[in-house]
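First to last, the protein sequences are chains A and B. Residues in the first sequence are numbered consecutively from 489, following our numbering. Residues in the second sequence are numbered consecutively from 51, following our numbering. C-beta: ideal position from N, C-alpha, C; glycine also. All values derive from a computational prediction rather than experimental measurement. Before any comments, here is the structure.
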Amino acid sequence: MMRSMLLLCFLFLHIKATATATPTATATATATAKELVVYTSRKEHLIKDIFQQYTQETGVSIKYKTGSSAALIQTIKLEGQNSPADIFMAVDAGSLWHATNENLLEKVNSGVLKINVPNHLRDTQGTWYGLSIRARTIVYNTKKVKESELSTYENLAHKNWKNRLCLRTSKKVYNQSLVAMLIYELGLVKAKEVVAGWVDNTVEIFSNDTAVLKAIASGQCDVGIVNTYYYGRLLKKDAKLPLKLFWPNQKDSYGVHINISGAGLLKNSKFKIAGLKFLEWLSSKKAQASFAQINMEYPLDFTVAQSDETARWGKFKANTHFNLTHAGKLQKEAIKLMQEVKYK
Amino acid sequence: MKSFYRFYQYVLIFLVIAPIVFLCAQSILTNSLSDSETWRFILDHMLVGLVKNTALLMLATVFLSIILGVSQASLICLTNIPAKKILHILFILPLIFPLYVLAFVYVGSFTYSGSIPVFFRSFFNFDLTALFAIKSTMGVAMVFSLALAPYVYLFLRAAFLRIDEKLIFSARSLGQRPFKILFGLLMPQIRPWIYASAILVALEVLCDFGGVSVFNYDTFSTAIYHSWIGLFSLNTAVKLSLIPGLFALLLYFANNFFYRTYKNETKLSRSFVLFELTFIKKTILLMGSLSYCFFSVFFPVGQIFIWASSALSLELNLDYLLIIAHTLLISLGAAVFIALLSLLLVNLQRNYSSQQDRSITIFVKIGYALPGSIIAIALMSVFSLLNINFFATFAFIALLFAYLVRFFSVAFEIQSKAYDLISKKYDWTSYSLGKAKFKTFYKVHLPILLPTLISSMIMLLLEIMKEMPMTLMLRPFGVNTLATKIYELTSEGEWERASISAALLILLGALTIFLSEYYQTKKNEGL
Chain A
489 MMRSMLLLCF LFLHIKATAT ATPTATATAT ATAKELVVYT SRKEHLIKDI
539 FQQYTQETGV SIKYKTGSSA ALIQTIKLEG QNSPADIFMA VDAGSLWHAT
589 NENLLEKVNS GVLKINVPNH LRDTQGTWYG LSIRARTIVY NTKKVKESEL
639 STYENLAHKN WKNRLCLRTS KKVYNQSLVA MLIYELGLVK AKEVVAGWVD
689 NTVEIFSNDT AVLKAIASGQ CDVGIVNTYY YGRLLKKDAK LPLKLFWPNQ
739 KDSYGVHINI SGAGLLKNSK FKIAGLKFLE WLSSKKAQAS FAQINMEYPL
789 DFTVAQSDET ARWGKFKANT HFNLTHAGKL QKEAIKLMQE VKYK
Chain B
51 MKSFYRFYQY VLIFLVIAPI VFLCAQSILT NSLSDSETWR FILDHMLVGL
101 VKNTALLMLA TVFLSIILGV SQASLICLTN IPAKKILHIL FILPLIFPLY
151 VLAFVYVGSF TYSGSIPVFF RSFFNFDLTA LFAIKSTMGV AMVFSLALAP
201 YVYLFLRAAF LRIDEKLIFS ARSLGQRPFK ILFGLLMPQI RPWIYASAIL
251 VALEVLCDFG GVSVFNYDTF STAIYHSWIG LFSLNTAVKL SLIPGLFALL
301 LYFANNFFYR TYKNETKLSR SFVLFELTFI KKTILLMGSL SYCFFSVFFP
351 VGQIFIWASS ALSLELNLDY LLIIAHTLLI SLGAAVFIAL LSLLLVNLQR
401 NYSSQQDRSI TIFVKIGYAL PGSIIAIALM SVFSLLNINF FATFAFIALL
451 FAYLVRFFSV AFEIQSKAYD LISKKYDWTS YSLGKAKFKT FYKVHLPILL
501 PTLISSMIML LLEIMKEMPM TLMLRPFGVN TLATKIYELT SEGEWERASI
551 SAALLILLGA LTIFLSEYYQ TKKNEGL
């Protein structure tokens with residue numbers, strides 16, 4: 489008993505000793521980094537190669553931890569000063585906004601980032617920057633729908649589409665951002681009408697975009713709203729599927745809803761200069777090509793070489809009017825709206 | 051020693067409860083205006099629906115699982131059906147499926163665009179989905195009970211094996227018919243086991259997040275995640291997760307109450323034949339069981355392997371060896387650790403506990419009713435107080451700790467039930483021969499308990515291998531397990547690629563079950 493108590497005391501003292509030893513590391517905020525740590529909700533198979541590419545070019549190795557963005561934000565928060573993380577990377581603007589809101593991200597003033605990342609794809613205060621574009625657009629069954637029938641997101645709420653629409657769950661952040669955009673563009677009342685109309689027209693709600701695409705291809709419904717890379721992936725497996733993308737809200741309207749995958753520098757990073765360099769590199773034309781291409785997403789600058797698939801889907805007008813900071817700000821509002829109209 | 055028992059019990063309870071209590075206190079103290087707004091919103095708009103949905107699903111799943119489990123156990127233990135060994139293994143094999151994997155197999159195959167309805171449409175021109183919607187309460191409950199029935203089966207099998215044959219013989223000699231014996235005589239005796247397994251199933255349903263989200267079926271756990279991830283209010287999530295937690299405590303109290311009434315001490319008997327089956331009945335029941343196993347084992351395994359093979363060239367690489375090694379190392383280490391801690395508690399409890407002490411142990415079990423990610427956050431919050439570089443120093447310890455909080459009750463339930471069934475007479479005989487308590491444990495109890503100890507480790511191993519949210523949050527840098535890999539790929543919609551990890555997870559689980567069955571058979575032959 490005595491011995492175990494002693495052991496416990498020793499263990500505790502050991503913890504204390506390591507605890508007091510760590511703050512010295514914080515003094516080296518400007519030290520050159522041999523290694524950067526990224527906490528990312530962008531998944532391993534979408535980042536591994538590009539991180540390796542950076543290591544080969546600069547000698548700085550990248551360690552990463554993947555997970556859901558809410559869990560990673562909480563981790564960073566709890567680790568506080570001792571957090572080993574330098575960069576937070578997420579696959580939607582809402583999560584990045586949340587990280588800013590939790591005061592975890594550093595305001596960055598970088599000319600390179602300002603040039604490479606268009607205004608609407610970065611935080612208004614400069615805490616995070618988009619690194620690739622994800623377009624959420626309309627997809628339709630070519631056997632059952634004529635292109636001329638389609639026009640806007642709002643139009644999908646029309647009675648014409650009764651029992652013809654398939655949607656992904658409202659619990660997915662991509663839909664929350666889309667509705668946030670509608671609230672911003674149309675106002676709360678009109679946006680609610682639109683979403684209620686969608687729900688009214690919906691045949692079934694799915695847990696993922698691929699399921700929505702398959703439902704449309706199989707004839708269960710005629711149209712849906714998806715992120716384009718899911719479409720690309722499915723068509724790679726079976727090119728004969730009767731599916732086609734449609735770019736809504738092109739004429740006299742705000743354009744296609746886009747979201748980003750992006751990143752920001754963490755306040756408690758020990759290697760801020762190195763971290764910033766890494767962000768700048770990711771936004772460079774060279775890195776852009778592979779960062780977006782690997783998942784058939786769009787590069788920040790449409791003149792950068794795109795993957796064959798995305799090029800084939802044609803050009804479109806994206807909504808550049810809606811700064812993605814608002815996607816985060818309005819997310820709660822959007823969720824509440826969707827809950828109220830019983831969008832599950 | 052009595053004081054050591056109390057000390058140990060309170061330490062365990064403290065370890066399990068302290069992080070949760072700390073997190074709750076913190077969430078109350080830091081409650082902001084927007085948190086209150088979110089809470090209000092959930093109360094006003096979601097709570098009623100959530101309670102209804104969750105209760106319906108829980109009841110339906112418990113009901114189906116019990117029907118399945120009781121029939122399976124009766125078939126194996128009370129009849130002379132052939133191929134019992136094979137059927138037994140087939141009945142427990144669904145334990146290898148995490149709920150989310152079984153869910154994605156069934157949703158993937160049974161929605162309108164899935165292979166089965168497509169088959170029906172093209173060959174019979176018949177829309178199967180009009181007849182049966184997989185994404186309904188009944189659909190979810192059916193899929194869940196396929197995965198959870200083995201728990202009921204295992205509990206009930208253990209109960210049947212402990213029934214005194216003499217009772218059956220007496221009833222028979224008094225001219226009672228087999229069904230009357232089953233329902234009039236056996237059911238009251240196995241009722242505590244039914245309750246215990248029902249609670250286990252209910253809590254599994256309550257805590258599941260992965261499975262229900264594939265169905266897009268809203269329960270408490272989806273609301274917990276939704277209020278945290280979507281509405282950015284962790285405090286609301288913590289508050290919400292207390293509701294299922296308290297509900298679980300209530301269930302445990304009820305169970306303790308019933309179990310106390312029915313406690314009995316009998317030794318393991320060889321299985322007896324209550325129902326003599328004719329050849330035709332045997333054939334019908336065997337066909338029935340096999341077609342059930344088609345849905346619970348063969349179909350999902352087949353589907354996963356088909357998906358996995360289609361992604362083999364794209365996804366399979368040497369990294370998977372490391373992932374398998376990590377999965378095994380983490381789950382095996384944690385399983386042995388937790389099983390031993392629990393063994394110490396059940397042993398001390400046998401020797402020193404009063405009824406009051408025993409009722410306190412339900413607090414050790416509360417972790418089983420809490421969502422994994424809430425436990426993980428609770429632990430991180432506590433560790434963050436120590437002001438240390440968490441992932442560099444303590445990640446593995448924290449992960450072990452998290453598994454302890456979540457799964458201690460699994461080991462404890464199995465072991466304490468078995469321990470209670472060892473007659474006190476053995477202890478008294480041993481004491482009278484001059485053996486001390488530890489010697490008695492080592493020489494008398496342990497040999498009897500060894501199969502139970504091993505089966506509790508197996509259960510833990512299976513649970514921990516499948517566990518996803520805590521592993522995801524607390525794993526050390528660069529460590530991936532099969533479960534976290536499945537999360538990574540499914541959350542990007544890459545079902546085929548995720549199937550490779552699922553297939554490997556299934557293989558590991560099946561291997562574990564086969565090894566343990568082989569060991570148990572050896573053991574029985576040795577007796």
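Practice item. Could you name the residues of the segment 534-549 of chain B whose beta carbon sits closer than 9 Å to any beta carbon of chain A, in the order they occur along the chain? Key: T534, K535, Y537, E538, L539, T540, S541, E542, G543, E544, W545, E546, R547
**Study point:** Three-state secondary structure assigned by DSSP to E523 (chain A)
**Key:** strand
Check your understanding: Does the beta carbon of I538 (chain A) come closer than 9 Å to any beta carbon on chain B?
Key -> no
Review point. Relative to the alpha-carbon of S557 (chain A), which residue among B:I279, B:I293, B:L435 has its alpha-carbon at the smallest distance?
Key: B:I279
Practice item. Kindly examine the ligand HEM and report whether one of its heavy atoms sits closer than 8 Å to the Cβ of F804 (chain A). Key: Summarising the ligand content, the structure contains no ligands, and the ligand HEM is consequently not present.
Check your understanding: Does any C-beta atom of chain A lie closer than 9 Å to the C-beta of W579 (chain B)?
Key -> Given a span of 51 to 577 for chain B in the structure shown, any question on residue 579 (chain B) remains unanswerable.
**Study point:** Under 7 Å by beta carbon: chain E residues contacting Y162 (chain B)
**Key:** Given the protein chain composition of this structure (A and B), no chain E is represented.
**Study point:** DSSP three-state assignment for Y786 (chain A), whether helix, strand or coil
**Key:** strand
Point to revise | contact_flag[the segment 538-545 of chain B, the segment 468-486 of chain B] where n(CB pairs < 8 Å) is 3 or more | key: no
Check your understanding: Straight-line CA distance for L62 (chain B) to V414 (chain B)?
Key -> 7 Å
Exercise for review: Rounded to whole angstroms, what's the CA-CA distance from R241 (chain B) to V683 (chain A)? Just pull it up for me.
Suggested key: 50 Å
Check your understanding: At which residue ranges does the segment 80-154 of chain B contain complete alpha helix (DSSP H) runs of 4 or more residues, listed in the order of the chain?
Key -> 83-91, 97-128, 134-142
Practice item. Go ahead and pull the three-state DSSP assignment for T518 (chain A). Key: Caution applies to T518 (chain A), whose pLDDT of 48 falls short of 50 and renders its modelled position unreliable; the model cannot decide the point.
**Study point:** Complete alpha helix (DSSP H) runs within the segment 700-784 of chain A (minimum length 4 residues, chain order)
**Key:** 716-725, 760-771, 773-781
Practice item. Report yes if the C-beta distance between I380 (chain B) and V494 (chain B) is below 9 Å; otherwise report no. Key: no
Review point. Is T625 (chain A) helix, strand or coil by DSSP?
Key: strand
Exercise for review: Decide if the segment 451-460 of chain B is in contact with the segment 387-401 of chain B; the criterion is three or more beta carbon pairs, one per stretch, under 8 Å apart.
Suggested key: yes
Exercise for review: Less than 8 Å between the CB atoms is what I'm expecting for N367 (chain B) and F491 (chain B), so what's the real figure, rounded?
Suggested key: About 48 Å separates the two Cβ atoms, so there is no contact after all.
Point to revise | Cβ neighbours of S291 (chain B) in the same chain (closer than 7 Å, five flanking residues each side left out) | key: I274, L420, P421, I424
Practice item. Can you tell me which of the three DSSP states W357 (chain B) falls into? Key: helix
Review point. Looking at V714 (chain A) and L701 (chain A), is the spacing between their C-beta atoms short of 9 Å?
Key: yes
Review point. Applying a beta-carbon distance threshold of less than 7 Å, which residues of chain B neighbour H586 (chain A)?
Key: F282
Check your understanding: Three-state secondary structure (DSSP) at F259 (chain B)?
Key -> coil
Review point. Would a C-beta distance cut-off of 9 Å place K660 (chain A) and L670 (chain A) closer than the cut-off?
Key: no
Check your understanding: S84 (chain B) CB to nearest chain A CB: under 9 Å?
Key -> yes
Practice item. Could you say if the segment 84-92 of chain B and the segment 159-167 of chain B meet the contact criterion of at least three C-beta pairs nearer than 8 Å? Key: no
Practice item. Decide if L503 (chain B) is buried, meaning its Cβ has at least 16 other Cβ atoms within 10 Å, or exposed. Key: buried
**Study point:** Residues within the segment 686-700 of chain A neighbouring chain B, beta-carbon criterion of under 9 Å
**Key:** V691, E692, I693, F694, S695, N696, D697, T698, A699
Review point. Are any of the Cβ atoms in chain B nearer than 9 Å to that of G763 (chain A)?
Key: no
Check your understanding: So what's G816 (chain A) in DSSP terms, helix, strand or just coil?
Key -> helix
Exercise for review: Could you check which residue in B:T333, B:P238, B:S339, B:A75 has the C-alpha nearest to that of S121 (chain B)?
Suggested key: B:S339
**Study point:** A751 (chain A) beta carbon less than 9 Å from that of I575 (chain A)
**Key:** yes
Practice item. Under 7 Å Cβ to Cβ from Y156 (chain B), same chain only, skipping five residues before and after it: list those, please. Key: I184, V193
Check your understanding: Is it right to say R227 (chain B) is buried, meaning 16 or more other beta carbons lie within 10 angstroms of its own, or is it exposed?
Key -> exposed
Check your understanding: Beta-carbon separation of V460 (chain B) and V255 (chain B) under 9 Å?
Key -> no
Review point. Going by other Cβ atoms of all chains shown within 10 Å of its Cβ, with 16 needed for buried, is Y203 (chain B) buried or exposed?
Key: buried
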